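Visitor: Residues in the sequence shown are numbered consecutively from 982, following our numbering.
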Amino acid sequence: MQSFQLYERASTVPDKSYTRGDWQGGYQSLKQEFDYWIDDVEGQIPQELHGTLFRNGPGLLDVNGQPIHHPFDGDGMISRITFSNGRAHFRNRFIRTSAYLEEQKAGKILYRGVFGTQKPGGWQNNAFDFRLKNIANTNVIYWGGKLLALWEAADPHLLDAHTLETLGKEHFNGVLSESEAFAAHPRIDPSNPEDVGAPRLVNFSIKTGRSSTITIFELDFTGKVVRKHAHSVPGFCFIHDFAITPNYCIFFQNPVAFNPIPFVLGMRGAGECMKFQPNQPTSIVIIPRNPQQGKVQILKTHSGFVFHHANAFEEGDEIVVDSICYESLPEVEPQSDFRQVDFEALKPGQLWRFHLNLKDETVRRELLESRCCEFPHVHPSYVGRPYRYLYMGAAHSESGNAPLQAFLKVDLQSTERQIWSAAPRGFASEPVFVPRPGCEKEDDGWVVALVYDSTHHRSDVVILDANDFHQGAIARLHLKHHIPYGLHGSFNII
Ligand code: CO
C-alpha cells in the first residue's frame, strides 16, 4: 500500500475538492504589467534562497474582449520572481511578439491559433490562411547568458533577463533560420564529458507530415550550438517533450493521425485536426546523442498519449523512462469551451515507468503513481541519471481526474508519498525544485511554485521544504493580482 500522508488543513476540504467556478477564475486575462517588492508574506522566505524563478504561460485569454479558443493559443507572458536576502521581487511582461503587437494595435484577433482560435468572420475569413502566430508562451530558460521564451513550432524570443524587455529573435549565430522550430522542452544534461563536466543544453525540433524529421541540438554552456543532427522517422509526429540520458534522446511518438482538410478550409485549427488512434501502438524513438555512436532504434508499446516525461536513465541494457501517460488525447472540438471542461468525464494523467531494452528491443511498463498528476520536475543534477525523488502537480484526491490542486513528492525507492494540498480553493501549477546551496541530499532544497487562490482571485508564490511537505508551506507570498495558469519555467541563479 502506498502510505499517503495527511493533507494540510484536510478537515476543511469537502468531498469534491474544488468547484469549476473557482477553477475558472485562473483563466482570466492579466492585462497589466507589474513591478514591485512582495511585502504580503506569510511565513519566512529562506535567507539561503537566492535566484530567480521565471514562469511562462498565456497571459491573455482574450484579445480586446474577443475570447481565444484554447489557453495554448494565449499570448506568452513572463513572470519573474527574484529572491534575495529573505525578500522577493515580482515583475511580469508580455513578450512583444510581432503578432502580439499587431493584434494589440488592431484591438482584434488577426491570426488563427494552432488550437482553434479563429479570426472573426467564420470559415470564409480563415480558409487558406496558413500563417503561424509565434506566441512564445510555453517555457522560459536562461542559457548562455540569454533569457529565451520558447514555443515549440517556431524560433525563440530573446528577452532582457532583468527588465523582461523583448529584444528580438534568437537564432544561435545562424544555426536556426527565421521561424525555424526550436522545441519548448530543452533538457539540461548536468555534466557533459565533452564539455569537461560542464552542463549542456539538449533540445529538438520536429518537422512533420506523412513522415517526420526530428532534429537534435546540443548547446554548450556558452550558448553555442556544438551539435546538430537530423533523423527521419515514419509517420506524423505530435511530440511536445523528450527525455535524455548521457547517451540518448528518447521520444514518444504518440499514435495520432492528422487530417489537414478542415484546417485548410478554415473550419478548425490545426490542433483540432488530430485524431487519437487507440488501436495503434506508441513508437518510442531512441536517438543516440552522438550520431557516430549507434543507430536510431524504434520500439513499440501500448497506445497512449504522453505530453511530459519526468526523467530517464541508463541501466545495463535498458533505458528507464518515467512519463505522465494519458489513455488518449482528448480532442479539442471547434464548438467547445475549455472553461466548461467536465474533469470527471476524462481519464487522469498517471505516472508510468517504461523499461526500454535496447538489446531485445522490448518494452516493459509499470504504473508508479495512479493519482492524477502533471508537470513533473526533478533535482537538476539528476536529469538523465538514476534518481529517487520526483515532484509534480497533482489532484487533491487519490483517484479520478481533477484540476491540479496539490504538490506531490514521490519517493521512487520506497512507497512514501508526501503531499501538500491547496484545496479546496487553491489550484496548483508546475513545481520547480531548487537545491539548497551546498546541498548533498537529493531532496535538500525547496519546491517553489505558483498557486492560484480563488478566494482572493490572486496568485501566491508557495515555498515548501522539499524534504518535508508536512510542516506546510514555509512561505506563502501573496501577489497583488492573479497570474493565469501557466505552463513551464525555470529557476536560475541570477
Ligand atoms: Co510542456
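Quick reminder that beta carbons are idealized off the backbone N, C-alpha and C, glycines included. In this text, all values refer to a predicted model and were calculated from it rather than measured experimentally.
1. Less than 9 angstroms between the C-beta atoms of N1073 and F1015, yes or no?
2. Measuring from the CB of D1222, is there a heavy atom of the ligand CO at a distance below 8 angstroms?
3. With 16 as the cutoff for other CB atoms within 10 Å, does S1471 come out buried or exposed?
4. Helix, strand or coil, according to DSSP, for E1296 in the structure here?
5. If you measure from the CB of H1463, is any heavy atom of the ligand CO nearer than 8 angstroms?
6. So, are the CB atoms of G1216 and S1186 less than 9 angstroms apart?
7. Below 6 angstroms CB to CB, which residues in the same chain sit around G1247 once its five sequence neighbours on both sides are set aside?
8. Got a sec? Which residues, its chain only, sit under 6 angstroms from V1443 by beta carbon, not counting five neighbours each side?
9. Does the Cβ of F1096 lie closer than 8 angstroms to at least one heavy atom of the ligand CO?
10. Check whether the Cβ of N1120 lies closer than 8 angstroms to any heavy atom of the ligand FMN, and answer yes or no.
11. Evaluate the contact criterion for the segment 1109-1128 versus the segment 1052-1060: three or more CB pairs, one atom per stretch, below 8 angstroms.
12. Please find out if some non-hydrogen atom of the ligand CO comes closer than 8 angstroms to the beta-carbon of L1468.
13. Output yes if chain D places a C-beta closer than 9 angstroms to the C-beta of Y1368; else output no.
14. Just to check my reading of the structure: H1438 and S998 have Cβ atoms closer than 8 angstroms, yes? What is that Cβ distance to the nearest angstrom?
15. Can you give me the Cβ contacts of Y1372 inside the same chain, cut-off strictly under 6 angstroms, excluding the 5 residues immediately before and after it?
16. When every heavy atom of the ligand CO is checked, does at least one fall within less than 8 angstroms of the C-beta of A1165?
17. Less than 8 angstroms between the CB atoms is what I'm expecting for H1283 and P1269, so what's the real figure, rounded?
18. Let me check understanding here. Comparing Cα to Cα, which of G1097, N1045 and T1063 lies closest to Y1081?
19. Rounded to whole angstroms, what is the Cα-Cα separation between A991 and F1450?
20. Which one or two residues does DSSP pair with G1247 in a beta bridge?
21. Go through the segment 1204-1252 residue by residue and report every complete run of the beta strand (DSSP E) that reaches 3 residues or more, in order.
22. Consult DSSP for G1275 and reduce its assignment to one of helix, strand or coil.
23. Which residue spans inside the segment 1093-1161 form an unbroken beta strand (DSSP E) run of at least 3?
24. Can D1110 and A1164 be called in contact, C-beta distance under 9 angstroms?
25. Within a Cβ cutoff of 8 angstroms, which residues of the same chain sit near A1134, ignoring the five residues on either side of it in sequence?
26. Could you tell me how far apart the beta carbons of S1304 and F1233 are, in whole angstroms, since I believe they sit closer than 8 angstroms?
27. Taking 8 angstroms as the cut-off, is the C-beta of E1212 nearer than that to any heavy atom in the ligand CO?
28. Just tell me which of C1218, E1253 and Q1278 has its CA closest to the CA of C1230.
29. The alpha helix (DSSP H) that contains Q1085, what's its start and end?
30. Quick check: is any heavy atom of the ligand CO less than 8 angstroms from the C-beta of H1051?
31. Can you grab the Cα-Cα spacing for the pair F1071 / E1159, in whole Å?
32. Under 8 angstroms from any heavy atom of the ligand CO, does the C-beta of F1288 make it?
33. From R1369 to S1395, what does the alpha carbon distance come to, in whole angstroms?
34. Check for me: the beta strand (DSSP E) holding Q1399 runs from which residue to which?
35. Are the CB atoms of Q1274 and C1306 within a distance shorter than 9 angstroms?
36. Report the partner residues of I1265 according to the DSSP bridge assignment.
Guide: Straight from the coordinates:
1. The answer is yes: Cβ separation under 9 angstroms.
2. Flag set: Cβ of D1222 near the ligand CO.
3. Counting Cβ neighbours within 10 Å, S1471 comes out buried, since at least 16 surround it.
4. Note: E1296 maps to strand in three-state DSSP.
5. Answer for H1463: no, Cβ out of range of the ligand CO.
6. Pairing G1216 with S1186 gives a Cβ-Cβ distance that is not under 9 angstroms.
7. By the criterion of a C-beta distance shorter than 6 angstroms, G1247 is surrounded in its chain by W1104, N1107 and A1108, once the five residues flanking it on both sides are discounted.
8. For V1443, same chain residues with a beta-carbon under 6 angstroms away, outside a window of 5 residues either side, are A1430, V1432, A1454 and R1457 in chain order.
9. No.
10. Within the structure as shown, the ligand FMN is missing, the only ligands being the ligand CO.
11. Yes: at least three Cβ pairs fall under 8 angstroms.
12. L1468: yes, Cβ under 8 angstroms from the ligand CO.
13. As a matter of chain content, chain D is missing from the structure shown, which is built from one protein chain.
14. That belief does not hold up - the Cβ atoms of H1438 and S998 are roughly 19 angstroms apart, past 8 angstroms.
15. Taken in chain order, the residues that qualify are H1358, K1390, P1412, F1414 and V1428.
16. Yes, the ligand CO has a heavy atom inside 8 angstroms of this Cβ.
17. Their Cβ separation, rounded to whole angstroms, is 25 angstroms, which puts H1283 and P1269 out of contact at 8 angstroms.
18. Nearest option by C-alpha distance: N1045.
19. Here A991 scores only 49 on pLDDT, less than 50, and its place in the model should not be relied on; the value that follows carries that caveat. Rounded to whole angstroms, A991 to F1450 spans 14 angstroms at the Cα level.
20. BP columns for G1247 are empty, so no partner.
21. Counting only runs of 3+ residues, the beta strand (DSSP E) found wholly inside the segment 1204-1252 occupies 1206-1215, 1229-1234 and 1237-1239, in chain order.
22. Reduced to three states, the DSSP call for G1275 is coil.
23. Secondary structure within the segment 1093-1161: the beta strand (DSSP E) runs of 3 or more consecutive residues, fully enclosed, are 1120-1124, 1127-1131, 1138-1140 and 1147-1150 (chain order).
24. At least 9 angstroms separates the beta-carbon of D1110 from that of A1164.
25. Counting only residues of its own chain and dropping the five nearest sequence neighbours on each side, A1134 has a CB closer than 8 angstroms to the CB of V1095, L1113, N1115 and A1162.
26. That pair is a contact at about 7 angstroms.
27. For clarity, residue 1212 is His in the given sequence; the question names Glu instead. Residue side-chain check: H1212 keeps its Cβ at 8 angstroms or more from all non-hydrogen atoms of the ligand CO.
28. Checking every option, the nearest Cα to that of C1230 belongs to Q1278.
29. Counting along the chain, Q1085 sits inside the alpha helix (DSSP H) bounded by residues S1079 to A1087.
30. No, Cβ of H1051 sits at least 8 angstroms from all heavy atoms of the ligand CO.
31. The alpha-carbon of F1071 is positioned some 32 angstroms away from that of E1159.
32. Because some heavy atom of the ligand CO lies under 8 angstroms away, the Cβ of F1288 counts as near it: yes.
33. Cα to Cα, the separation comes out at about 9 angstroms.
34. Per DSSP, Q1399 belongs to the beta strand (DSSP E) from R1398 to S1402.
35. Judged by beta-carbon spacing, Q1274 lies beyond the 9 angstroms limit of C1306, meaning their Cβ atoms are not closer than that value.
36. Beta-bridge pairing by DSSP links I1265 to F1233 and L1280.
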